[in-house]
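A.B. asks:
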Amino acid sequence: MQDLGHLIDQCIAGEQKSQRALYDYLKGRLMGICVRYHLNKEEANDVFHDAIIRIFKNLEKAREVRDFNAWASRVAINVAIDAYKKRRSNITVSIEESEVWQFSSEELDAVSKMSASEIIVLLQKLPESQMITFNMFIDGYSHKEIGERLAIAESSSRTLLTRAKKKMIRLISRREESGK
Amino acid sequence: MENSSDQKARKVFNDKLKGFEAPVDGAMWSQVQSQIGAVSPVRRFWKWSILLLILLLSIGFGSGLFNQKAIDSNPADDVQKSIEPNELVIASDTVQKEVQESIQQDAMSAEGDLTQHESVVLTERVLEDVSKKEEVRAQVEKPLIERSTDFISMTSNKSVTSMVMLERISPLYSPLKIEPFEMINQPTAEEVKTKKGIQLRPFGAVTFNYLYFQPNTSDDIFFDSESTANTFSINRVGLRPGFEVTIPISDRLSLKNDVYMNLRQFRVSLRYIENASQSENIIFERLSKTYSQFSLGLVSGINYQLMTIAERRVDFDLGISFERFLKNELSDEGILGSPNALFSANIGLSVYPRPASRSWIIRPFGFISLNSRAAEYPVNITPFGFGIQFYKNR
Numbered sequence: 002m003q004d005l006g007h008l009i010d011q012c013i014a015g016e017q018k019s020q021r022a023l024y025d026y027l028k029g030r031l032m033g034i035c036v037r038y039h040l041n042k043e044e045a046n047d048v049f050h051d052a053i054i055r056i057f058k059n060l061e062k063a064r065e066v067r068d069f070n071a072w073a074s075r076v077a078i079n080v081a082i083d084a085y086k087k088r089r090s091n092i093t094v095s096i097e098e099s100e101v102w103q104f105s106s107e108e109l110d111a112v113s114k115m116s117a118s119e120i121i122v123l124l125q126k127l128p129e130s131q132m133i134t135f136n137m138f139i140d141g142y143s144h145k146e147i148g149e150r151l152a153i154a155e156s157s158s159r160t161l162l163t164r165a166k167k168k169m170i171r172l173i174s175r176r177e178e179s180g181k
Numbered sequence: 049m050e051n052s053s054d055q056k057a058r059k060v061f062n063d064k065l066k067g068f069e070a071p072v073d074g075a076m077w078s079q080v081q082s083q084i085g086a087v088s089p090v091r092r093f094w095k096w097s098i099l100l101l102i103l104l105l106s107i108g109f110g111s112g113l114f115n116q117k118a119i120d121s122n123p124a125d126d127v128q129k130s131i132e133p134n135e136l137v138i139a140s141d142t143v144q145k146e147v148q149e150s151i152q153q154d155a156m157s158a159e160g161d162l163t164q165h166e167s168v169v170l171t172e173r174v175l176e177d178v179s180k181k182e183e184v185r186a187q188v189e190k191p192l193i194e195r196s197t198d199f200i201s202m203t204s205n206k207s208v209t210s211m212v213m214l215e216r217i218s219p220l221y222s223p224l225k226i227e228p229f230e231m232i233n234q235p236t237a238e239e240v241k242t243k244k245g246i247q248l249r250p251f252g253a254v255t256f257n258y259l260y261f262q263p264n265t266s267d268d269i270f271f272d273s274e275s276t277a278n279t280f281s282i283n284r285v286g287l288r289p290g291f292e293v294t295i296p297i298s299d300r301l302s303l304k305n306d307v308y309m310n311l312r313q314f315r316v317s318l319r320y321i322e323n324a325s326q327s328e329n330i331i332f333e334r335l336s337k338t339y340s341q342f343s344l345g346l347v348s349g350i351n352y353q354l355m356t357i358a359e360r361r362v363d364f365d366l367g368i369s370f371e372r373f374l375k376n377e378l379s380d381e382g383i384l385g386s387p388n389a390l391f392s393a394n395i396g397l398s399v400y401p402r403p404a405s406r407s408w409i410i411r412p413f414g415f416i417s418l419n420s421r422a423a424e425y426p427v428n429i430t431p432f433g434f435g436i437q438f439y440k441n442r
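Order-wise, the sequence lines are chains A and B. Here the first sequence stands for residues 2 to 181, where the numbers follow the working numbering. Here the second sequence stands for residues 49 to 442, where the numbers follow the working numbering.
1. Going along chain B, which residues have a C-beta under 9 angstroms from A:Arg21?
2. Taking all protein chains shown into account, do 16 or more other C-beta atoms lie within 10 angstroms of the C-beta of B:Ile368, making it buried, or fewer, making it exposed?
3. What does the alpha-carbon distance come out to for the pair A:Lys28 and B:Ala70?
4. So, helix, strand or coil for B:Leu418, using DSSP?
5. Are the region 66–81 of chain B and the region 124–132 of chain A touching by the rule of at least three beta carbon pairs closer than 8 angstroms?
6. With 8 angstroms as the limit, tell me which residues of the region 53–72 of chain B have their beta carbon closer than that to any beta carbon of chain A; keep them in chain order.
7. So with Cβ pairs under 9 angstroms, would you call B:Ile395 a contact of chain A?
8. If you measure from the beta carbon of A:Lys126 to each beta carbon in chain B, is any gap under 9 angstroms?
9. I need the straight-line Cα distance from B:Ala358 to B:Tyr400, nearest angstrom please.
10. Indicate whether the contact test is met: 3 or more Cβ pairs, each with one atom in the region 9–24 of chain A and one in the region 54–65 of chain A, closer than 8 angstroms.
11. Please state whether DSSP places B:Arg406 in a helix, a strand or coil.
12. With DSSP as the reference, please indicate the residues paired to B:Gly258 in a beta bridge.
13. In this structure, does DSSP put A:Ser116 in helix, strand or coil?
14. Does B:Gln81 come out as helix, strand or coil in the three-state DSSP assignment?
15. Okay, do the region 128–143 of chain A and the region 44–53 of chain A touch, 3+ Cβ pairs below 8 angstroms being the bar?
16. Does the structure place the region 64–78 of chain A close enough to the region 161–179 of chain A that three or more beta carbon pairs sit under 8 angstroms?
17. In the DSSP assignment, what are the bridge partners of B:Leu346?
18. Once DSSP output is grouped into helix, strand and coil, what is the label at A:Thr163?
19. Could you give the DSSP three-state label for B:Ser218: helix, strand or coil?
20. Do B:Phe438 and B:Phe415 have their CB atoms nearer than 9 angstroms?
21. DSSP state of A:Lys126, grouped into three classes?
22. Between the alpha carbons of A:Phe69 and A:Leu8, how many angstroms are there, rounded?
23. Going along the chain, which residues of its own chain have a beta-carbon closer than 8 angstroms to the beta-carbon of B:Pro289, five neighbours each way excluded?
24. Considering Cα atoms alone, identify which of B:Ile395, B:Glu371, B:Gln353 and B:Gly349 is closest to B:Pro387.
25. Taking only the alpha-carbon atoms, compute the straight-line gap between A:Glu65 and B:Leu103 and give it to the nearest angstrom.
26. Under a three-way DSSP split, which group does B:Ile295 fall into?
27. By DSSP, does A:Gln103 sit in helix, in strand, or in coil?
28. Below 9 angstroms between beta carbons: does that hold for B:Ile350 and B:Ser281?
29. Does DSSP put B:Thr279 in a helix, a strand or coil?
30. DSSP three-state label for B:Asn376, please.
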C-alpha cells in the first residue's frame, strides 16, 4: 500500500512511467467490471476508457481513501451505471410479480464451481436492466441505493432483482442439466 | 431487509467475480495518455484569454495613468532646464584645476632639500591647501548636489528610474572625470499620440480552428466525441487575407474595420447512436472528417492604444465579425448544424515594431462564434479559434 501511495503521488506529479504503471495495475480488474456491466466489448471499452480517465483526474481524492482498489472499482461501477443511464433515459418496470425467488444451496454450489467467465456469460444472457441490477446487488448496493443510482423506485429494484434471480436460477439449472 | 439467502448468494457471486480480470486492448493506453490532465479546449481558451485580458488591462491602465500624469504637469522639467550643462562643466573644471595645482605644488616641494622645520611648515601648508580645496569643492558642488537631489525627487513620477538618474549624476562626485548632464529621453504626448487620419492597410492571417460540440439533449441521439486530431494539426489551419481601415476617434481610441476572405478547416471526430433509448445492442456510427468553409467577412470594433513597452506600441481591440459562407461543407452534414452566416466575437492585441523600424505589426487574436447554437440540430457546434495577423508597418 505504501508503494501504491508513492505511485499515486508520482502520477499526480505527472510522471508518465508511473501513470503507465498505475494503468497496468488497474486495467485488468477495471475492464472486468466494465465487461460485467455491459453487453458488448465496444461499450465495455468505452466505459473502461471513461473510468480510467476519471480515476486519473481524481487521484488527489484517492490519497484520502483507505482502500484505493475499492475506490477505483467503485469509480468504474459508477461510470458503467452512468453510461447505462445515458443510453436508457427511462426504465419502466411493471410490478406484477409477488413471487420470491431465492438461490438454493445446490445452485450456489454450482455457481461456486463455475469460472468467473462462465458466470459473466450467464449474466449477459439477462435483459440489460436486470443484469445491471444483479451486478449492483453483487457489488453490495442496497435496493435503496440501486433505486437512487438508476432513478427508479426501490420496489422496482426489488422486482428487477427478483426477475434476474429467477432467470439466473433457470440458466444455472439448465446448465447443470446439460452438464449431467 | 436482506435475508440470509440473499447474503449468501451475494457472497458466492462476489467471491467469484471480485478478482475477475478481462484483457484490455493495447491501443487503449495511447488514448488514455493523451487525455490525462487534459482540459476542455474551450475552457482553456477562455481561461487564458480572460487572464491575459486582465493582465493587459491592469498594465495598460497603470501605464496610462503613469504616462498621463508625467505628460500633464511635471515640475521636474523646469528644474532640469535650470541646471544648465555649462554649469556642471564649469564646476568640474574648477575642482579639476585645484587638484592639478595641488599636485604640482606637492611635486615641487618634494624636489628641494628641506630642513625638518621646513618640512613641518610645508606639511602644514599642504594640509591647509587640502582643507582649502575641500572647502572650494564643497562650495561649488553643494548647490549643484542640492538642485540635483531636488531634481531626482521631482522626477520620481516620470518613467525613468532613480538608478538611471544616479548614474547620470554620479560624475559630479568625481573631480577628474565629468560629463555634461544629459536630458533623459521621454516619450512626449506627441510621440504617443495615434497618427491622425484614416489608414488603410492590407493584412494576412493564419488561424487555427476548433469546434465545441454540444449535443441536443431533447433528441434520441447519443454523441461521444473522439480526439483524433492534434491541437495544431494541419487539418485545423485556415487563412484570412483582407484589408483594414482604421478611423481615429481620439488619441488612444480608433474604430477598426476589417474586410476579409476566410478559408478555414475543421476536424470533426465523433461517434453517435441514433434511437439510443430503443436499441439494445449499442453500435456506434463514426463521423471523422475534415470540413472546409470559405466565407467573406467583416469585423467592426474598437481599437485602444493600451501601452508602450520598450518603444513598441501595444493596442488592444475588441470587435464583432459577420461572415457569409460562400462554401460551407458543414451545412451539408445532417448530423451537424451550421448556419450560413456566422457572428463571432473577436479579441486581439496588436504589437507594433519600434518607431524607426518598418517591419511588421503582429496581432495575435482569438474568436468564438455567437450564433451557432441552433436548437434544430442533433449536435450544435460552436466554432472558435485563434490566429496571428500580420500588417506591414508604414
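Just so you know, even glycine gets a beta-carbon here, dropped at the ideal spot from N, CA and C.
C.D. replies: Taking the structure as given:
1. Trp77 and Gln81, listed in chain order.
2. Residue environment: B:Ile368 is assigned as exposed (fewer than 16 neighbouring CB atoms within 10 Å of its CB, all protein chains considered).
3. Answer to the nearest angstrom: the Cα atoms are 8 angstroms apart.
4. In this structure, DSSP gives B:Leu418 a state outside helix and strand, which the three-state scheme calls coil.
5. Contact between the region 66–81 of chain B and the region 124–132 of chain A is absent: fewer than 3 CB-CB pairs across the two stretches fall below 8 angstroms.
6. Within the region 53–72 of chain B, the residues whose Cβ lies closer than 8 angstroms to some Cβ of chain A are Ser53, Asp54, Lys56, Ala57, Arg58, Val60, Phe61, Asn62, Asp63, Lys64, Leu65, Gly67, Phe68, Glu69, Ala70, Pro71 and Val72, listed in chain order.
7. Residue contact with chain A for B:Ile395: absent (no Cβ-Cβ distance below 9 angstroms to any residue of chain A).
8. Cβ-Cβ to chain B under 9 angstroms: no for A:Lys126.
9. Straight-line measurement puts the Cα of B:Tyr400 at about 11 angstroms from the Cα of B:Ala358.
10. Judged by Cβ distances under 8 angstroms, the region 9–24 of chain A makes contact with the region 54–65 of chain A, as three or more pairs qualify.
11. Looking at B:Arg406 - three-state DSSP - the assignment turns out to be coil, as it is neither helix nor strand.
12. Sequence inspection shows Tyr at residue 258 of chain B; the Gly mentioned does not correspond to that position. The partner list for B:Tyr258 (beta bridge, DSSP) reads B:Phe432.
13. A:Ser116 falls in the coil class under three-state DSSP.
14. Here DSSP, grouped into helix, strand and coil, assigns B:Gln81 to helix.
15. Note that the region 128–143 of chain A does not touch the region 44–53 of chain A; fewer than 3 beta-carbon pairs, one per stretch, sit closer than 8 angstroms.
16. No: the two stretches stay apart, fewer than three of their Cβ pairs being nearer than 8 angstroms.
17. DSSP lists B:Val307 and B:Phe370 as partners of B:Leu346.
18. Of the three classes helix, strand and coil, the one that applies to A:Thr163 here is helix, per DSSP.
19. Only weak support is given to the placement of B:Ser218: the predicted model assigns it a pLDDT of 48, under 50, and the question is left unresolved by the model.
20. Cβ atoms of B:Phe438 and B:Phe415: not closer than 9 angstroms.
21. In the three-state scheme derived from DSSP, where H, G and I count as helix and E and B as strand, A:Lys126 is classed as coil.
22. Answer to the nearest angstrom: the Cα atoms are 12 angstroms apart.
23. So the list reads Pro250, Phe251, Gly252, Ala253, Tyr308 and Met309, once near-sequence residues are dropped.
24. Nearest option by C-alpha distance: B:Glu371.
25. Roughly 36 angstroms separates the two Cα atoms.
26. Residue state, collapsed to three classes: strand.
27. Note: A:Gln103 maps to coil in three-state DSSP.
28. Note that the C-beta distance between B:Ile350 and B:Ser281 is not below 9 angstroms.
29. In the three-state DSSP reduction, B:Thr279 falls in the coil class, being neither helix nor strand.
30. B:Asn376: strand per DSSP, three-state reduction.
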